[in-house]
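The sequence shown begins at 23 in this note's numbering and counts up one residue at a time. Working notes, beginning with the structure itself.
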Amino acid sequence: MRIIYFTTALEKEDYVAFCKNWRGSLNTTIQNLHNRLIRALALTHEVDVISVRPYSKKYCKLKKLDASITQEGKITWHYLEVKRRKLFRVNHTKRDAKKILLKMNLKDAIILTDTLNPYILKASTSLAEDFHLPIIGVCNNTPSGIHDTGKSYTTNLHSMADNLSGYITQTTNLNELFNKHNRANITIEGVLENKYNEEDVKKYGKYIFYYGNLEERFGVYDLIQAFIELNNPNINLVIAGYHANEEKMDKFSKFRNNIKYLGMISNDLMLSLENGSLFNINSRPYSEDFDRYLIPYNTLDYLNSKSLTVSVRNNILLKTFKDDALWLELGEKEELINVMNKALKMSEKEKEEIIKKANNDANKLYSMSVVNHKLILFLKQFLKQRE
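Now the structure itself:
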């Protein structure tokens, strides 16, 4: 079976280098989710990735993105050329991807595609039709959940994703949202990282770690205020992730010496910080919409770390990890203060028992080998249908 994966994601090291050419922050969540899924598939199968890298005239320092190829084990990363003018991107994406596909043996090929990028989705569905290949949508967010998009964007994507052969979704509710015709589907809540280069985090001292989206509505300033009122000068709060208003966050970190704002960081540093913290916290306030459709990716990573997890509840994760973390009900300030105090007062033995159970439970469901086994069985059914 040949797997062809259409995405905006890059190989890990290429992504780090690519980010250096941006004045603003890229969506590392999308990068990590697709990158890990690709590497999970590549544990047993060759994967050809057709990557349409994110591009913005306003934020990217490069005048254009040249085509190139990177080999990573069983993965071949085909980076398509991306030009400044949006008008030609759909046609150029299809044209350049078609040239790559024409060089392949497509007898037992299957296409996987990102469902949140219109250029990619239109090109991949068109090519699947041209080459008579099954095409599976990878759905890890709602179209309306993408920053700075409107109703027409949502309607357009749902229309293009309506006739895919099958769906890989992060939650069952995402499947209901995308899979209107009840076609073959599988739910994969997440994929755990299986390797990284450990970085030295001793300079941060004793710290609490938060990594995620830092928009105000996601509760980061409630976390900061709760930490300030915790009034423990011997402990640092280390915050990393995307923030549209970095000046506001910078003011907080300069105002309080024990608040460290790192901005966007590499996957290796993120995992190193998770493993070295007193505890990792997800303070995003509970919301029914988020809980219905999404899994907090940072909480899932935290559960696989060497540190204690503190998180606002997610009802899907609670079913499996009820005793594997300190769960908050809503994520309000007073609740945050109380749970941080509780975590800091726990004995090392208490924490070790919870961490060990969390690691075991997470890997039983979300290790790359487990995800590979589930996905390959799922994908093979589409090839049998063609025989």
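Virtual Cβ for every residue (Gly too), placed ideally from N, Cα, C. None of these values were measured; they are calculated from a predicted model.
- Closest in C-alpha terms to residue 366, from the list 29, 302, 44, 157, comes 302.
- Checking the DSSP bridge columns, you'll see residue 29 partnered with 73.
- Collapsing the DSSP output to three states places residue 218 in coil.
- In this structure, the beta-carbon distance from residue 157 to residue 133 falls below 7 angstroms.
- In this structure, the alpha-carbon of residue 335 lies about 18 angstroms from that of residue 248.
- Under the DSSP assignment, residue 375 falls in the alpha helix (DSSP H) whose first and last residues are 370–388.
- In the displayed model, residue 332 falls within a strand according to three-state DSSP.
- For residue 248, the uninterrupted alpha helix (DSSP H) run begins and ends at 242–252, by DSSP.
- With a beta-carbon spacing of about 21 angstroms, residue 81 and residue 89 fall beyond the 8 angstroms limit used to define contacts.
- Boundaries of the alpha helix (DSSP H) around residue 38: 34–41.
- In the pairwise beta carbon analysis, the segment 59–76 is classified as touching the segment 383–398: at least three pairs are separated by under 8 angstroms.
- Counting along the chain, residue 104 sits inside no alpha helix (DSSP H), nor does DSSP assign it H or E at all.
- By the neighbour-count definition (other C-beta atoms within 10 Å, threshold 16), residue 329 is a buried residue.
- For the pair residue 372 and residue 352, the Cα-to-Cα distance works out to about 24 angstroms.
- A check of alpha carbon separations from residue 320 across 54, 124, 27 identifies 54 as the nearest.
- Contiguous beta strand (DSSP E) elements confined to the segment 136–163 occur at 157–161, taking only those with 3 or more residues.
- Spatial neighbours of residue 262 in its own chain (CB-CB distance under 6 angstroms, excluding positions within 5 residues in sequence) are listed in chain order as 233, 284, 287.
- When DSSP reads this structure, residue 207 sits in a beta bridge with 189.
- For the pair residue 402 and residue 230, the Cα-to-Cα distance works out to about 44 angstroms.
- Secondary structure at residue 395: helix, using DSSP grouped into helix, strand and coil.
- By the Cβ-count criterion, residue 313 is buried, with 16 or more other Cβ atoms from all chains shown falling within 10 Å of its own Cβ.
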